[in-house]
Amino acid sequence: MGDWLYTVFKKDAPAFDRLHINYKEVCAAVEGIRRWGHVFQDSVVIVHTDNSVAKAVINKGRSRNRLINRLLRKMFWLSVKFNFSVRAIHVPGQVNIIPDTISRLHEPNKVERLQALLSQWSRCRGNRSMNFFYPYVTGCFNFFNAGVAQALEAELNSEVAMFRGCMFAMNTAKTYRTHLAIFLDFCNKLCIPPVPVSESTVARYAAFLARKLKPASVRQYLNIVRILHLESGLDNPCKD
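For the sequence shown, this note's numbering begins at -6 and goes up steadily by one.
What follows is the structure, given as structure tokens:
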């Protein structure tokens, strides 16, 4: 892209220098999005940060802090204007070595520190016989990639759980909870696990339900057995 952005609060924005680091972390992300929003059009923007609060408020889109909320509103309207979405991923500080060094280039010896890190990484990639540097630097980068992957996987799992929770209408979900409670009570009476169950167990459960329910209602109650098994990656014992 051939463009970059670097801000030193003490020199470039002294009025904001005394603000909490959480504000500065969010500000950095929002300013980057403001500068390159047109490039991000129709895409998903992933923000990597070693600040867990910044990650949380960016993903939520809101904060209790009035100043941070102003930044988040800017980010929201930019995402609307250029049609992109923003997700933040937390990267542990111990593997955020090179980005953290870049953010401190205005401090003494940090330019030399960055040059040394990049030189080590470059030499290790080109010559794996350098056993002193290669395990250390490669380990850091592998840990970085693994940490990002694990964080993304955890976030996606939580989103999957959220979407699954929205699969059914409120009344439908309430009905399924009732059916589940009855099925679990039946399994408890027979001292068997609810998953997996055999076809003969399904037949016994149908007979158990038929003591109080009509045939049409029995079929509805059996549906929860099917759902439990499919959600567990098992065959449906009710298909026959």
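Every residue gets a Cβ at the ideal spot worked out from N, C-alpha and C, and that includes glycine.
Inset, instruction - Enumerate in chain order the residues of its own chain whose CB-to-CB distance from Val1 is below 8 Å, with the five nearest sequence positions on each side excluded. - result: Locating residue 1 in the sequence shown gives position 8, counting from the first residue. Cβ contact annotation for Val1 (same chain, cutoff 8 Å, sequence separation greater than five): His99, in chain order.
Inset, instruction - Decide if the segment 70 to 89 is in contact with the segment 25 to 44; the criterion is three or more beta carbon pairs, one per stretch, under 8 Å apart. - result: These segments touch.
Inset, instruction - For Val50, I'd like the list of residues in its chain whose CB is within less than 7 Å of its CB, leaving aside the five on either flank, ordered along the chain. - result: Here residue 50 refers to the residue found at position 57 when the sequence shown is read from its first residue. Once the five neighbours on either side are set aside, the close Cβ partners of Val50 are Val19, Ser56, Ile61 and Leu65.
Inset, instruction - Mind checking which residues open and close the beta strand (DSSP E) that includes Val40? - result: Translated into the one-based positions of the sequence shown, residue 40 becomes position 47. For Val40, the enclosing beta strand (DSSP E) has its first and last residue at Val37 to Thr42.
Inset, instruction - Just confirm the distance between the C-beta atoms of Val40 and Ala81, as a whole number of angstroms; I'd bet it's less than 8 Å. - result: As a working mapping, residue 40 is identified with position 47 in the sequence shown. As a working mapping, residue 81 is identified with position 88 in the sequence shown. Indeed they touch by this definition, with Cβ atoms about 4 Å apart.
Legend entry - His222, DSSP secondary structure in three states: If you number the sequence shown from 1, residue 222 lands on position 229. Assignment of His222 by DSSP, reduced to helix, strand and coil, places it in the helix class.
Legend entry - As assigned by DSSP and simplified to three states, the class of His99: Indexing the sequence shown from 1 puts residue 99 at position 106. Three-state DSSP puts His99 in coil, outside helix and strand.
Inset, instruction - Verify whether the separation of the beta carbon atoms of Asn229 and His222 is less than 8 Å. - result: Within the sequence shown, the letter at position 236 stands for residue 229. Within the sequence shown, the letter at position 229 stands for residue 222. Cβ atoms of Asn229 and His222: closer than 8 Å.
Legend entry - Local Cβ density within 10 Å of Tyr(-1), reported as buried at 16 or more and exposed below that: For the purposes of this step, residue -1 is taken as the residue at position 6 of the sequence shown. Under this definition Tyr(-1) is an exposed residue.
Inset, instruction - State the Cα-Cα distance for the pair Cys133 and Lys48, rounded to the nearest angstrom. - result: As a position in the sequence shown, residue 133 is number 140, starting the count at 1. As a position in the sequence shown, residue 48 is number 55, starting the count at 1. Here the model assigns Cys133 a pLDDT of 48, short of 50, so the residue's position is not dependable, and the following value carries that caveat. Taking the straight line from one Cα to the other gives about 21 Å.
Legend entry - Proximity of Val195 and Cys231 at Cβ, strictly below 8 Å: The sequence position of residue 195 within the sequence shown is 202, counting from 1. The sequence position of residue 231 within the sequence shown is 238, counting from 1. Taking 8 Å as the Cβ cut-off, Val195 and Cys231 qualify as a contacting pair.
Legend entry - Option in Arg219, Ala6, Ser112 and Tyr16 with minimal Cα separation from Tyr169: Along the sequence shown, one-based indexing puts residue 169 at 176. When each option's Cα is compared against that of Tyr169, the closest is Arg219.
Inset, instruction - Please confirm whether Val84 and Asp43 have their CB atoms less than 8 Å apart. - result: Counting from one through the sequence shown, the residue named residue 84 turns up at place 91. Counting from one through the sequence shown, the residue named residue 43 turns up at place 50. For Val84 and Asp43, yes; Cβs fall inside 8 Å.
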